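Under the working numbering, think of the first position of the sequence shown as 536, with each following residue one higher. The C-beta atom is built at its ideal place from N, Cα and C for all residues, glycine as well. Quantities reported herein were computed from a predicted structural model and do not represent experimental measurements. Notes to accompany the following structure.
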Amino acid sequence: MFVIVQDALERAYKQDVSGHTAEASKLYRLGIDTIYEGLGLQVPSAWLTGSNVNKWRSNLNNWLQLANDRYHTLGLLHERAGSTVSC
């Protein structure tokens, strides 16, 4: 799970800093959707101790907040660019 989220967010960041906002937005969205799936999983207690589950969920929530913030910022930038072009 972490590997998929990490890969999507790292790829999103690379596209983001390269100025490819549309592709970055898609990858951030993929990361966000994957995080939501992960947070919705019921983790059998035999797999992880309670503190590990809490840390896992805390990390996912932190990543979710950061990815959501950037995703929405890119959306606003894209809207502004679109309105500037259409004028």
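Cβ shell of residue i (< 6 Å), same chain only, five flanking positions each side left out
{"i": "Leu595", "result": "Ile570, Gly573, Leu574"}
Rounded straight-line distance, which links the Cα of residue j to that of residue i
{"i": "Val578", "j": "Val588", "result": "8 Å"}
{"i": "Lys590", "j": "Ile539", "result": "17 Å"}
{"i": "Gly554", "j": "Arg592", "result": "31 Å"}
{"i": "Leu562", "j": "Gly610", "result": "13 Å"}
{"i": "Arg564", "j": "Arg615", "result": "20 Å"}
{"i": "His607", "j": "Tyr548", "result": "14 Å"}
Spatial neighbours of residue i in its chain, beta-carbon cut-off 7 Å, leaving aside the 5 residues before and after
{"i": "Leu612", "result": "Thr556"}
{"i": "Met536", "result": "Gly573"}
{"i": "Leu599", "result": "Ile567, Ile570"}
Three-state secondary structure (DSSP) of residue i
{"i": "Ser621", "result": "Low per-residue confidence applies at Ser621: pLDDT is 36, beneath 50, and the placement is therefore not dependable, though the value from the model is reported in the following sentence. Three-state result, Ser621: helix."}
Close-in-space but distant-in-sequence residues of the same chain around residue i (CB under 8 Å, 5 per side omitted)
{"i": "Arg546", "result": "Leu562"}
- Query: In chain order, which alpha helix (DSSP H) runs of at least 4 residues are fully inside the segment 543-615?
  - Reply: Look at the segment 543-615 and you find these whole runs of alpha helix (DSSP H), each 4 residues long or longer: 556-575.
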